[in-house]
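Student:
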Amino acid sequence: MNDSGGAALPPSTAQHKRLGQLDDLRAIAITLVVVMHGYAAFFSRPSEMLNPLLIFIYAGGTGVTLFFILSGYLVSMPFILAGREGRSYSTLEHFKQRALRILPTYYFYVFISCLVVGSFEKFIPALLFLVSGNELSIYSNVWWSLATEVQFYLLVPLLFALKKRVLLVCGVVWALLYFYCAHFLIPGNIRDYAWITTSLLFKAPAFFVGAVIALIVVSGRLRVTSGMARLGLFVVFFALLTLLLQDKAVNDRPGYAAVRPFDIIPEALLWGCVFFLFLQNSSTVFGVCGHFLAKISFSLYLVHYPIVFIGVVVAKSHGAVGSWERYAAFVATLLLSIILAWVSFKLVEEPFLRLKNRARAPRDGLVRRVLP
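Per the numbering used here, the sequence shown runs over residues -6 to 365.
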């Protein structure tokens, strides 16, 4: 959408204009995740937090929620556009595009991780997205979110094939199952059932919010054309997000989502509002920097955690205990992560992205402008 009034833009034009805004959102998401892992590794977590910047740094895992909203928006968009044109979007095309997007880079990192660890015992399970946490030392820590993404990819074609009444029944069943797990099953046995909180069952609200935004955008029925109105709404939603994330910033630990299982719902809704406001901008906010970070975001997501961990070990071994020394080590790990992510993007990711775009069906050309 643009700032001017009048009729909504044609879908192809509107989608093209939103590419930069999506890059802004990817840049925000990856920055939150990477900075959180790095900063929390080098600096102790305060017992209380009032500084909004520190809140978003220590609660940077919320960037994953934003990534899930992006996936919900982007992956559902071809199905929504196809339905608007009275046709169906090929399930085979969907799986082909998603596979070319994530599998080559992810499999490359799985292979390298097993090679570095010196054991291929987890190689096959990892290829099937069954390895996460510290199962493959420091290298698999962030892989859980990819498993959740894949669960969503597998489910999307089925959801769009269902009748509305059946879809409604599925929604009710999901809500009941979610409430049962969150209120009864998990609290009494967090250690055994914490994995449920990282599954699609618990992260579904974020993907759903992204899909709803895609529906709203395609319909063209809701726009915020005033720049001042957008700014005011952004301040409100940012303040609400800050309040929501304050407890997470102080207490976020492995298993935190099991302690606060319902937080994902308001978190996804607030990020969804911010997401929608970004799409209303007529230009990007972060420009070239945002585009660069968005471009390497997948590789950066996969490579940064081991680099941060190794950076902490090296810094401590060299006696980096002073504040400025830790800041220098923190910045160095971020820069090294970005450099390695760029190399990974150029050598591994980009060639398959080109293949992915060439393999896209001709009639889906307008979707090509927005899907990563």
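Backbone N, C-alpha and C define an ideal beta-carbon position, used for all residues, glycine too.
Going along the chain, which unbroken runs of the alpha helix (DSSP H) with 4 or more residues stay wholly within the region 34 to 66?
Tutor: Entirely contained in the region 34 to 66, the alpha helix (DSSP H) runs reaching 4 residues are, in chain order, 45 to 51.
Student: Mapping the DSSP letters down to three states, classify E78 as helix, strand or coil.
Tutor: In this structure, E78 counts as coil in the three-state DSSP scheme.
Student: Are the CB atoms of R331 and F269 nearer to each other than 8 Å?
Tutor: Rather than Arg, the amino acid found at residue 331 in this sequence is Ile. No, they are not a contact pair.
Student: Taking 8 Å as the threshold (C-beta atoms), are A250 and I368 in contact?
Tutor: Residue 368 falls outside the range modelled here, since the chain spans only -6 to 365, and no answer is possible.
Student: Determine which residues share a DSSP beta bridge with E343 and list them.
Tutor: In DSSP, E343 forms no bridge with anything.
Student: Buried or exposed: which applies to G65, given that a residue is buried once 16 or more other Cβ atoms fall within 10 Å of its Cβ?
Tutor: Result: buried.
Student: If you compare alpha carbons, which of G13, S125, F279 is closest to A140?
Tutor: It is S125.
Student: For E41, count neighbouring C-beta atoms within 10 Å of its own C-beta (all shown protein chains included) and say buried if the count is 16 or more, exposed if not.
Tutor: Exposed: under 16 other Cβ atoms inside 10 Å.
Student: Is any heavy atom of the ligand SAH found at a distance shorter than 7 Å from the C-beta of L346?
Tutor: For the structure depicted, the ligand SAH is absent and the ligand set is empty, with no information on it obtainable.
Student: What would DSSP say about I131, mapped onto helix, strand or coil?
Tutor: If DSSP states are grouped into helix, strand and coil, I131 belongs with the strands.
Student: V267: buried (16+ other C-beta within 10 angstroms of its C-beta) or exposed?
Tutor: The residue in question, V267, is buried, as its Cβ has 16 or more Cβ neighbours within 10 Å.
Student: Do you know whose CA, among A75, L85, I21, lies nearest V57's CA?
Tutor: Nearest C-alpha to V57: I21.
Student: What is the rounded straight-line gap between the Cα of S(-3) and the Cα of L12?
Tutor: Unreliable positioning characterises S(-3) in this predicted model, as indicated by a pLDDT of 36, which lies under 50. The coordinate reading is nonetheless provided below. If I take the Cα positions, the gap works out to 18 Å.
Student: With distances taken between CB atoms, is the gap from V366 to Q273 smaller than 8 Å?
Tutor: This structure leaves residue 366 out entirely; the chain is present only between -6 and 365.
Student: By how many angstroms is the C-alpha of F323 removed from the C-alpha of P299?
Tutor: Rounded to whole angstroms, P299 to F323 spans 13 Å at the Cα level.
Student: State the DSSP-derived secondary structure class of H9, mapped to helix, strand or coil.
Tutor: The pLDDT assigned to H9 is 42, lower than 50, so where the model puts this residue is not dependable; a value taken from the coordinates is nonetheless given after this. If DSSP states are grouped into helix, strand and coil, H9 belongs with the helices.
Student: Could you spell out the range, first to last residue, of the alpha helix (DSSP H) harbouring T84?
Tutor: T84 -> alpha helix (DSSP H) spans 84 to 110.
Student: Any idea what DSSP makes of R319, helix, strand or coil?
Tutor: Of the three classes helix, strand and coil, the one that applies to R319 here is helix, per DSSP.
Student: Taking 8 Å as the threshold, find out whether the region 99 to 109 comes into contact with the region 79 to 90 through three or more Cβ pairs.
Tutor: Flag = no, the region 99 to 109 and the region 79 to 90 do not touch.
Student: So what's I179 in DSSP terms, helix, strand or just coil?
Tutor: Note: I179 maps to coil in three-state DSSP.
Student: Does the separation of the CB atoms of V211 and I303 fall below 8 Å?
Tutor: Their beta carbons are not under 8 Å apart, which means V211 does not touch I303 by this criterion.
Student: With respect to the alpha helix (DSSP H) encompassing C282, which residues constitute its N-terminal and C-terminal limits?
Tutor: Its alpha helix (DSSP H) spans residues 280 to 288.
Student: Do L263 and V293 come within 8 Å of each other at the CB atom, strictly closer than that value?
Tutor: Correcting the residue identity first, residue 293 is Leu in this sequence and not Val. Their beta carbons are not under 8 Å apart, which means L293 does not touch L263 by this criterion.
Student: Kindly list the residues whose CB is nearer than 7 Å to the CB of E260, restricted to its own chain and excluding five residues on each side of it in sequence; keep chain order.
Tutor: Excluding sequence neighbours, E260 sits near T55, T58, L237.
Student: Are there 16 or more other CB atoms within 10 angstroms of the CB of W136, so buried, or fewer, so exposed?
Tutor: Per the 10 Å Cβ criterion, buried.
Student: Which whole-angstrom value describes the C-beta separation of P327 and V26, a residue pair presumed to lie in contact below a C-beta threshold of 8 Å?
Tutor: Before going on, a small fix: residue 327 reads as Leu here, not Pro. Not quite, the Cβ-Cβ distance comes to about 12 Å (not below 8 Å), so this is no contact.
Student: Need the endpoints of the alpha helix (DSSP H) that A197 sits in, please.
Tutor: Here the alpha helix (DSSP H) through A197 covers 193 to 212.
Student: Please specify which runs of the alpha helix (DSSP H), each continuous and at least 4 residues long, are wholly inside the region 117 to 170, giving them in chain order.
Tutor: Counting whole runs of 4 or more residues, the region 117 to 170 contains the alpha helix (DSSP H) stretches 137 to 154.
Student: Can you grab the Cα-Cα spacing for the pair Y173 / V296, in whole Å?
Tutor: Those two C-alpha atoms are separated by around 36 Å.
Student: Does the distance from the C-beta atom of V301 to that of A75 stay below 8 Å?
Tutor: In this structure, A75 does not lie closer than 8 Å to V301 by Cβ.
Student: Determine the closest residue to L193 out of D185, G220, V149, with distance taken between C-alpha atoms.
Tutor: Checking every option, the nearest Cα to that of L193 belongs to V149.
Student: Between P97 and R351, what straight-line distance do the alpha-carbon atoms span, to the nearest angstrom?
Tutor: Whole-angstrom Cα-Cα distance: 16 Å.
Student: For L215, which three-state DSSP category applies?
Tutor: Looking at L215 - three-state DSSP - the assignment turns out to be coil, as it is neither helix nor strand.
Student: Find out if the Cβ-Cβ distance for the pair M70, I50 is shorter than 8 Å.
Tutor: No; because the gap between Cβ atoms is not below 8 Å, this pair is not in contact.
Student: So, for G358: in the same chain, excluding its five sequence neighbours on each side, which residues have a beta-carbon less than 6 Å away from its beta-carbon?
Tutor: Bear in mind that a pLDDT of 45 at G358, under 50, signals an unreliable position, so the number given afterwards is only what the model happens to contain. So no residue of the chain qualifies.
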